[in-house]
Amino acid sequence: MTDFYDSQRAMRAMRKAALQRGVIAILDIGTSKIACLVLRFDGPEQYRESDGVGSLAGQSAFRVIGAATTRSRGVRFGEVSAMNETERAIRTAVQAAQKMAGVRVDHVIACLSGANPRSYGLAGFIELHESSVTEQDVARVLASCDVPDYGEGRHVLHAQPVNFALDHRSGLGDPRGQIGNRLACDMHMMTIDGDAVQNLLYCIKRCDMELAGIANSAYTSGISSLVEDEQELGAACVDMGGGSTGISIFMKKHMIYADSVRLGGEHVTSDISKGLQVSLATAERIKTVFGGVVATGMDDRERIEIGGDTGDWEHDRRTVSRAELIGIMRPRVEEILEEVRERLDAAGFEHLPSQQIVLTGGASQIPGLDGLAPKILGNQVRIGRPLRVQGLPQAATGAAFASCVGLALFAAHPQDEWWDFEMPMERYPARSLRRAVKWFKDNW
Amino acid sequence: MQQVDYRNSRRDPAPSRWAYRMHRLWLTPYVPRLLRLGVPVAISALSLIYVFSQPENRTAFTDMIAEIRRTVAERPEFMVTSMTIENASEELTADIKEILPMDFPISSFDIDLVAMQKVVEQLDAVARADLRVRPGGVLELAVTERLPAVVWRAPGLLELLDGQGRRVAALEERGRRGDLPLIAGIGADTEVPEALKLYAAAGPIVDRLRGIVRMGERRWDIVLDRDQRIMLPEDNPVIALERVMALHEAQDLLERDLAAVDMRNPDRATLRMRPDAVANLHMIKGIELGDILQ
């Protein structure tokens, strides 16, 4: 437990340093695009008392001063597969965002969608020494959670206390200071492949920047796309990205489950490419301009020039009807949604009080998805767009930027993680205690 | 035959590592300002240092500065063409002209009035000198002359002194300034104010006064004609002299055949008579005694 404590605490310290400097970069490493936002944290001191306005729920705490997007390279299924290519793509995005911001950024918070995220629910309880709950007790109860064997080479990405229970009262957000005998907690832990983290770390190091935090993009998409009551009552956010589709389930403003399906918009593109015998670039263009999932009678008559570069007139003048295109796209989209349904069922989503599902991410912009998705996912489906944040360019407000915006919100208001609490006293290695005693002896 | 795919063989849009680093360096605070301001300043400073390290450049530069200054200083507005000396005797005027050699016209930038004032005030005959350059290019020198109060005679020199004992001028012979009192002796020049007080106190016998002599640099002798002397004490000589004057008023003391009135001990005035007077006194006493004896 201590090693990820240390690494995560180091990242947290770096994030604090970055917030103190006021500038931090947000990097969304996706399969189809790499987006970089540069945030400036103004802090609450920019408001005078006489203004009468404080930072309302944190929206005013930061503003986006630089934004850039570049086509992703070397990333497959949300994981770095060709390091040099990815590094260059990151460099391109970061440089453009820095240029727009006009400041140099040294700290970066990244999110990635792939790397096989796996969710674990942990539970632990302690008997309280004193009648009221102290910070130390919270740390102890968190430490008492029995960590499952999540496998060699896996890395804990998030470990958030979701619920506290004191004696028979459950659903406490903050048990500190309350009186009881037995403190129990539920925790949500999420692990990903350590290699993916290492690769990401390496790429960012090669760009002369420091990694100040990592988040899962399904989680950050949920932060930005779910409205407050959805997060409170329970909802699933489906981030339909290019290479993978992330699923996160929120309840009581905490993520309680996350998963990812290794299917995404690029699979639709490659289906079109294969089905129509066109290049991937053409297929992507056709998908974004003419794509859809619900065919109507009108679509049989609409012919799409699909072109070609062979020089053969017959080949280069091919056309398909839009209905044919939809016929190629729809099965794949259905497959993705069915896979999502499966994962949700596996997670026990149907037991949640609210069955709200929010689709976001670049692939959620397919016309007609709002008609198709309810057939597979249930009635309460909506297409979500990320929250508006101050200073975000119009071009970066679309659903494709949900995880990016969510990561910015996450940077401004990180949720308490396991390692944010004090380490319980008994967990400290004896050596450091001895060192502390020695320090006191030497200095007093 | 394959067509070349221009779209996919485009140049890599990513910046090179070095371009990226340079860009980041440029965005570092203070670096742009340092480059925009510091580098030109450093280059110009270095080039200036290089240029001035060559002696010929230095001399050329100083020559140029001197030339510019000269052209300004030699404008007719700044030229001084003559000097007037006011309140000075002809002798002093000649002296001043001798020690202030000026070849007119001269620029007022080149005149150091303070130094000139010091030079003029070094003259013994000058109590105070005021210099200014009047409009019209005239250097005006207003002199306050030192007025001689006594003639001082010491072994080998004869000088005029003012009331404070400062030297005014040398004197060839005493007769030229017969109007001034005479003091004599080494150290007399340092006690001129006292000597003048003694002169004032010796008013009744001023026509008989030959001079006042400083004896042993500590006290005064008043020398009268007929080789008479009044020897005064070190302390309060004026009071002692006044007592002698009172005696003289009452009994015509000094008209008698005395060699000296010795007041060195103020409590006991002593008269020194001449040998003839002593003989006469003895004779008179003898006659008086003889009369009694006879």
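So the protein sequences, as listed, match chains P and B.
All residue numbers for the first sequence refer to my numbering, where the first residue is 1 and numbers rise by one.
All residue numbers for the second sequence refer to my numbering, where the first residue is 1001 and numbers rise by one.
Cβ atoms here follow ideal geometry from the backbone N, Cα and C, with glycine treated the same way.
Take residue i and list the residues in its own chain whose beta-carbon comes closer than 8 Å to its own, dropping the five residues that flank it on each side.
| i | result |
| --- | --- |
| B:A995 | Residue 995 of chain B lies beyond the range of chain B shown here (1001 to 1294); nothing can be said about it. |
| P:K33 | T69, T70, R71, S72, G242, G362 and A400 |
| B:L1198 | I1212, W1220, I1222, L1232, P1237, V1238 and L1241 |
| P:I24 | R15, A18, V38, L39, F41, V105, H107, V108, I109, A212 and A411 |
| P:G81 | With the sequence shown as reference, residue 81 of chain P is identified as Ser, and Gly is not the correct amino acid for it. Here the set comprises G74 and V75. |
| B:D1262 | M1231, A1269, T1270, L1271 and R1272 |
Within 10 angstroms of the Cβ of residue i, are there 16 or more other Cβ atoms? Answer buried if so, exposed if not.
| i | result |
| --- | --- |
| P:P161 | buried |
| B:Q1251 | exposed |
| P:Q394 | exposed |
| B:Q1054 | exposed |
| B:L1147 | exposed |
| B:W1220 | buried |
| B:I1287 | exposed |
| B:Q1164 | exposed |
| B:P1275 | exposed |
| P:L211 | buried |
| P:A196 | buried |
| B:E1090 | exposed |
| P:H188 | buried |
| B:V1120 | buried |
| B:L1092 | buried |
| P:F440 | exposed |
| P:P117 | buried |
| P:E305 | exposed |
| B:G1216 | exposed |
| B:T1081 | exposed |
| P:R322 | buried |
With the cut-off set at 9 Å, would you say residue i and residue j are in Cβ contact?
| i | j | result |
| --- | --- | --- |
| P:M100 | P:A67 | yes |
| B:P1013 | P:T92 | yes |
| P:R88 | P:V64 | no |
| B:E1191 | B:R1214 | yes |
| P:V141 | P:Y150 | no |
| P:R12 | P:W419 | yes |
| P:C203 | P:M83 | yes |
| B:L1258 | B:R1272 | yes |
| B:A1125 | B:A1142 | no |
| P:A347 | P:I249 | yes |
| P:L359 | P:V294 | no |
| P:L263 | P:E339 | yes |
| P:L392 | P:R341 | no |
| P:S132 | P:I192 | no |
Assuming the contact rule is C-beta atoms closer than 8 Å, residue i and residue j should be a hit. Round their C-beta distance to whole Å, please.
| i | j | result |
| --- | --- | --- |
| P:G242 | P:T31 | 4 Å |
| P:R343 | P:D259 | 5 Å |
| P:D42 | P:A61 | 7 Å |
| P:G194 | P:S217 | In fact, because the Cβ distance is near 18 Å, the residues do not count as touching under 8 Å. |
| B:A1088 | B:E1159 | So it is not a contact: roughly 20 Å between Cβ atoms. |
| P:D370 | P:I383 | 5 Å |
| B:L1161 | B:V1150 | 5 Å |
| B:S1107 | B:M1079 | 6 Å |
| P:R176 | P:E135 | 6 Å |
| B:F1104 | B:A1073 | Their Cβ separation, rounded to whole angstroms, is 15 Å, which puts B:F1104 and B:A1073 out of contact at 8 Å. |
| B:L1131 | B:L1157 | Wrong, their Cβ atoms sit about 31 Å apart, outside the cutoff. |
| P:M329 | P:I272 | 7 Å |
Tell me which residues share the same chain as residue i and place their Cβ nearer than 7 Å to its Cβ, disregarding the 5 neighbours each side in the sequence.
| i | result |
| --- | --- |
| P:Q98 | V38, G66, R104 and V105 |
| P:F410 | A215, T220 and I223 |
| P:P472 | A query on residue 472 of chain P cannot be resolved here, the shown segment of chain P reaching from 1 to 444 and no further. |
| P:G171 | N163 |
| P:E127 | N181 and R182 |
| P:S144 | G124, F125 and I126 |
| P:P148 | Y120 |
| P:R9 | W419 |
Can you name, in chain order, every residue of its own chain whose Cβ lies under 6 Å from the Cβ of residue i, other than the five neighbours on each side?
| i | result |
| --- | --- |
| P:P462 | A query on residue 462 of chain P cannot be resolved here, the shown segment of chain P reaching from 1 to 444 and no further. |
| P:G457 | Lying outside 1 to 444, the shown extent of chain P, residue 457 of chain P is not represented and no answer is given. |
Let me check you understand the geometry: is the CB of residue i closer than 8 Å to at least one non-hydrogen atom of the ligand SAM?
| i | result |
| --- | --- |
| B:A1129 | This structure simply doesn't include the ligand SAM, nor any ligand for that matter. |
Review point. Listed from N- to C-terminal order along the chain, which residues in the region 1012-1023 of chain B have their beta-carbon within a distance smaller than 9 Å of any beta-carbon of chain P?
Key: Within the region 1012-1023 of chain B, the residues whose Cβ lies closer than 9 Å to some Cβ of chain P are D1012, P1013, A1014, P1015, S1016, R1017, A1019, Y1020, R1021 and H1023, listed in chain order.
Review point. Between the region 1024-1053 of chain B and chain P, which residues of the former have CB atoms less than 7 Å from a CB of the latter, in chain order?
Key: Those would be R1024, L1027 and T1028, in chain order.
Review point. Looking at chain B, which residues of the region 226-258 of chain P have a Cβ within less than 7 Å of any of its Cβ atoms?
Key: Here the close residues number zero.
Check your understanding: If contact means a Cβ-Cβ distance below 8 Å, which residues of the region 61-91 of chain P contact chain B?
Key -> Those residues of the region 61-91 of chain P that come within reach of chain B (Cβ to Cβ, closer than 8 Å) are T70, R88, A89 and R91.
Review point. For the region 296-328 of chain P, which residues have a beta carbon sitting closer than 8 Å to at least one beta carbon of chain B?
Key: Hits within the stretch, in order: D309, T310 and G311.
**Study point:** Near-chain B residues of the region 100-129 of chain P (beta-carbon distance less than 8 Å), N- to C-terminal order
**Key:** So the list reads G102, V103 and R104, given in the order they occur along the chain.
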